[in-house]
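Worksheet: one structure, shown below.
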Amino acid sequence: MSTTELAAHEVPKVAIELSVNGKRYRREVEPRELLVQFLREELRLTGTHIGCDTTYCGACTVLLNGEPVKSCTVLAVQADGGEVLTVEGLEQDGQLHPLQAAFSEHHGLQCGYCTPGMLMSAYALLERNPKPSRKEIRKGIQGNVCRCTGYHNIFEAIEAAAAAMRKE
Amino acid sequence: MYPAPFRYHRAESVAEAIGMLSELGEGARALAGGQSLLVLLKIRFDEPTDLVDLARIPGLDAIEQRDGEVRIGALATHARIARSEIAAAIPIVRDCANGIADNQVRSRGTIGGNLCSGDPSCDWPALLTTLDAQVHCEGPAGKRSLPVDGFVEDLYATALQEGEIVTGVSFALPGPGSAGAYVGFKRCAPAYPTTSVGVQLTLSGADCVDARIALGSSGLTPIHATAAEAELRGQTLGEAVIRRAAEAAVAASDPIDDQRGSPAFKRRLIDTLVRRGIDVARRRCAGEQVEVSHEYY
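Here the protein sequences line up with chains A and B, keeping their order.
Once you know that position 155 of the first sequence is 155 in this note's numbering, the rest is easy, because the numbers rise by one and skip nothing.
Once you know that position 105 of the second sequence is 273 in this note's numbering, the rest is easy, because the numbers rise by one and skip nothing.
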């Protein structure tokens, strides 16, 4: 299926403009640049992790126009004109987001590698469903793999965060 | 992992997309949500010279029901289909839309892309075969509609001609006494199914007036299990009839040996899933609310 290979310098860059955590950015990108690489390497927002790089693990999850996506499987040019929320955008005025506070309080992590993606999937879940059942929480983070915790404390943290957010 | 370099073009209309794809020729690929294509590009399974992005074409993502027909635009995402009134009204559509991969992939992946990737592990081709859907295409030679059965011709090969794209799919709204189920088994949420099965039954009491059965991830293309349907049609649904239908579906399958399991394992799964699909479809025909989707550990 392979065709004549192009060299990177033969390919015109594409101008994109997008909002990340409320801030506007305008950059020229190579068409093949992935959103996760754009976030990490162009914007130096390294909170979004690259885990499996094969659309499996969910460590790279961010919100694009309000929906959770795996940023290793989105081109930066596809996000043109969009609004991106990364883990760096969760805290407000130096205060941890209730999800971040609950993950800390309930020890919802061990090595922490999957945590940014877990937080973003949990955020997307609670936006849509402020009072999820345990089963709905499991479904909500079905696309995020944690190899340390066995998920138990992650469920506890999301439940606690949901309760805290409902009180606000 | 970076894909190999390619040029990027954004189509603003169907006509512009067809023009771009025709002009750019065989090195060009159409991009919708990218959840199948980008995965292949990253491992350099394919190295196109040009991508034509269809995602911004207005009007291609509509999900509508009119005059007894359901029409779903090619750019409708799995997530939007799962949340649609169509999915609420037709449980087999919800089973499939909710069963594909995980939340993140369903946010981006589209029904058109799923169909056009030609990947035998994709679920929409099998689901649409179960519903006897039509695929609506537009290309340099104009518009045409094809039955979905046979649209995926071979591994990663579809009936699309050069410059042609899928604009949507349509199928008849299942009538009274007709209901279906789409069930699959996968190793974990993001994984492709090990196998999946769609069953649509039209019943009069316990008598099967009509049946459609299709298999996904059970060979190099989606499989329309016509011999299994023939075992059910005109019969009273009992244990022996259902067993023969399951055996006929297994006989129609041709599962490959891969990391998801051996052919023998997959055949056992197909047998189980056909029985489960018939059971759920039958209960839904009787008005029972049954929630199913892909199962995983």
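Where a beta carbon is used, it is the ideal one built from N, C-alpha and C, also for glycine.
- Can you pull the chain A residues whose beta carbon is under 7 Å from the beta carbon of Tyr-176(B), in chain order? By 1-based counting over the second sequence, the position of residue 176(B) is 8. For Tyr-176(B), the chain A residues whose C-beta falls within less than 7 Å of its own C-beta are Val-14, Pro-31 and Val-77, listed in chain order.
- Message: Buried or exposed for Gln-272(B), going by 16 or more other Cβ atoms inside 10 Å?
- Response: In the second sequence, residue 272(B) corresponds to position 104, counting from 1. In the assembly as shown, Gln-272(B) is a buried residue. Its beta-carbon has 16 or more other beta-carbons within 10 Å.
- State the beta-bridge partners of Arg-312(B) as determined by DSSP. Translated into positions along the second sequence, residue 312(B) becomes position 144. Answer by DSSP bridge pairing, in chain order: Cys-305(B).
- Name the DSSP bridge partner or partners of Ala-198(B)? As a first step, residue 198(B) is located in the second sequence; it is residue number 30 there, counting from the start. For Ala-198(B), which the question treats as bridged, DSSP gives the partners Val-220(B).
- Query: Going by Cα to Cα distance, which pick from Gly-112(A), Lys-167(A), His-107(A) and Phe-103(A) is closest to Asn-130(A)?
  - Reply: Here residue 130(A) refers to the residue found at position 130 of the first sequence. Note on identity: in this sequence residue 130(A) is Pro, with Asn being the wrong assignment. Per the Cα distances, Lys-167(A).
- Item | Spatial distance of Ala-179(B) from Gly-195(B) (CA atoms) | Walking along the second sequence from the start, residue 179(B) turns up at place 11. Walking along the second sequence from the start, residue 195(B) turns up at place 27. C-alpha of Ala-179(B) to C-alpha of Gly-195(B): approximately 17 Å in a straight line.
- Task: Kindly list the residues whose CB is nearer than 8 Å to the CB of Gly-345(B), restricted to its own chain and excluding five residues on each side of it in sequence; keep chain order.
- Result: The count along the second sequence starts at 1 and reaches residue 345(B) at position 177. For Gly-345(B), where only same-chain residues beyond five positions count, the Cβ hits under 8 Å are Thr-370, Leu-371, Ser-372, Val-377 and Cys-453.
- Do you know how far the Cα of Cys-290(B) is from the Cα of Arg-451(B)? As a first step, residue 451(B) is located in the second sequence; it is residue number 283 there, counting from the start. As a first step, residue 290(B) is located in the second sequence; it is residue number 122 there, counting from the start. So the alpha carbons of these two residues sit roughly 26 Å apart.
- At 9 Å on the CB atoms, spell out the chain A contacts of Gly-202(B), in chain order. Locating residue 202(B) in the second sequence gives position 34, where the first residue counts as 1. Ordered by position in chain A, the residues that pass the 9 Å Cβ test against Gly-202(B) are Thr-73, Val-74, Leu-75 and Gln-78.
- Per DSSP, which residues does Gly-384(B) bridge with? Please list them. Within the second sequence, residue 384(B) is the residue found at index 216, counting from 1. Beta-bridge pairing links Gly-384(B) to Ser-364(B).
- Query: If you pair each beta-carbon of the segment 103-111 of chain A with each one of the segment 131-149 of chain A, do three or more pairs fall below 8 Å?
  - Reply: By the Cβ criterion, the segment 103-111 of chain A is in contact with the segment 131-149 of chain A, since at least three pairs of Cβ atoms, one from each stretch, lie closer than 8 Å.
- Message: Contact defined as beta carbons within less than 8 Å: I believe Thr-298(B) pairs with Tyr-350(B). What is the distance between those atoms, to the nearest angstrom?
- Response: The residue given as residue 298(B) occupies position 130 in the second sequence. The residue given as residue 350(B) occupies position 182 in the second sequence. About 7 Å separates the Cβ atoms of Thr-298(B) and Tyr-350(B), confirming a contact at the 8 Å cut-off.
- Query: Hey, how far is the Cα of Val-261(B) from the Cα of Thr-48(A)?
  - Reply: Within the second sequence, the letter at position 93 stands for residue 261(B). Within the first sequence, the letter at position 48 stands for residue 48(A). Distance between the alpha carbons of Val-261(B) and Thr-48(A): 33 Å.
- For Leu-383(B) and Ala-420(B), the rounded distance between their alpha carbons: By 1-based counting over the second sequence, the position of residue 420(B) is 252. By 1-based counting over the second sequence, the position of residue 383(B) is 215. Taking the straight line joining both Cα atoms gives about 9 Å.
- Ala-379(B) versus Gly-406(B): straight-line alpha-carbon distance, rounded: Residue numbering aside, residue 379(B) sits at position 211 when the second sequence is read from its first letter. Residue numbering aside, residue 406(B) sits at position 238 when the second sequence is read from its first letter. Just so you know, the alpha carbons of Ala-379(B) and Gly-406(B) end up roughly 14 Å apart.
- Query: Does the beta-carbon of Met-1(A) have 16 or more other beta-carbons within 10 angstroms, so that it is buried, or is it exposed?
  - Reply: Locating residue 1(A) in the first sequence gives position 1, where the first residue counts as 1. For Met-1(A), the predicted model reports a pLDDT of 48, less than 50, meaning its position is unreliable and no value from the coordinates is stated.
- Query: Going along the chain, which residues of its own chain have a beta-carbon closer than 7 Å to the beta-carbon of Ser-385(B), five neighbours each way excluded?
  - Reply: Here the question's residue 385(B) lines up with position 217 in the second sequence. Within the same chain, Ser-385(B) has close Cβ partners Pro-288, Ser-289, Tyr-360, Pro-361, Thr-362, Thr-363 and Ser-364.
- Identify the continuous alpha helix (DSSP H) that holds Ile-279(B) and give its terminal residues. Indexing the second sequence from 1 puts residue 279(B) at position 111. Segment 279-284, the alpha helix (DSSP H) holding Ile-279(B).
- Task: Under 6 Å Cβ to Cβ from Gln-457(B), same chain only, skipping five residues before and after it: list those, please.
- Result: Here the question's residue 457(B) lines up with position 289 in the second sequence. If we look at Gln-457(B) and ignore the five residues flanking it on each side, it has no Cβ neighbours.
- Let me know the alpha helix (DSSP H) ranges lying completely inside the segment 223-266 of chain B, each 4 residues or longer, listed in chain order. Taken in chain order, the whole alpha helix (DSSP H) runs of length 4 or more contained in the segment 223-266 of chain B are 246-250 and 253-257.
- So is Asp-270(B) in contact with chain A if we call contact Cβ pairs under 7 Å? On the second sequence, position 102 is the one that residue 270(B) refers to. Judged by the 7 Å Cβ criterion, Asp-270(B) is in contact with chain A.
- Task: Indicate whether at least one CB of chain A lies closer than 7 Å to the CB of Tyr-360(B).
- Result: To locate residue 360(B), count along the second sequence from 1; it is residue 192. Not a single CB atom of chain A sits nearer than 7 Å to the CB of Tyr-360(B).
- Mind pulling the chain B residues with CB within less than 8 Å of Ser-121(A)? Stepping through the first sequence from its first residue, residue 121(A) is reached at position 121. Near Ser-121(A) (Cβ distances below 8 Å), the residues of chain B are Asn-271 and Gln-272.
- Take every Cβ of the segment 66-82 of chain A, pair it with every Cβ of the segment 27-45 of chain A, and state whether three or more of those distances are shorter than 8 Å. A contact exists between the segment 66-82 of chain A and the segment 27-45 of chain A.
- Can you tell me whether DSSP reads Cys-356(B) as helix, strand or coil? Locating residue 356(B) in the second sequence gives position 188, where the first residue counts as 1. Reduced to three states, the DSSP call for Cys-356(B) is coil.
- Message: Going by DSSP, what residue range makes up the alpha helix (DSSP H) through Ser-190(B)?
- Response: Reading the second sequence from its first residue, position 22 is the one you call residue 190(B). Counting along the chain, Ser-190(B) sits inside the alpha helix (DSSP H) bounded by residues 182-192.
- Below 8 Å, can you find three or more Cβ-Cβ pairs linking the segment 244-263 of chain B to the segment 205-217 of chain B? The segment 244-263 of chain B is not in contact with the segment 205-217 of chain B.
- Item | Whole-angstrom distance between Arg-175(B) and Ile-279(B), CA atom to CA atom | Taking the second sequence and counting its residues from 1, one reaches residue 279(B) at position 111. Taking the second sequence and counting its residues from 1, one reaches residue 175(B) at position 7. Cα to Cα, Ile-279(B) sits roughly 24 Å from Arg-175(B).
- Under 7 Å, do Asn-21(A) and Gly-117(A) count as touching if we go by C-beta distance? Residue numbering aside, residue 21(A) sits at position 21 when the first sequence is read from its first letter. Residue numbering aside, residue 117(A) sits at position 117 when the first sequence is read from its first letter. Their beta carbons are not under 7 Å apart, which means Asn-21(A) does not touch Gly-117(A) by this criterion.
- Item | Residue-chain proximity (Thr-86(A), chain B), Cβ-Cβ < 7 Å | Stepping through the first sequence from its first residue, residue 86(A) is reached at position 86. Chain B contact via Cβ: absent.
- Three-state class that DSSP yields for Ala-379(B) in the structure shown: Position 211 of the second sequence holds residue 379(B). Looking at Ala-379(B) - three-state DSSP - the assignment turns out to be strand.
- Query: Using DSSP with H/G/I as helix, E/B as strand and the rest coil, what is Val-20(A)?
  - Reply: Working through the first sequence from its first residue, we reach residue 20(A) at position 20. When secondary structure is reduced to three states using DSSP, Val-20(A) falls in the strand class.
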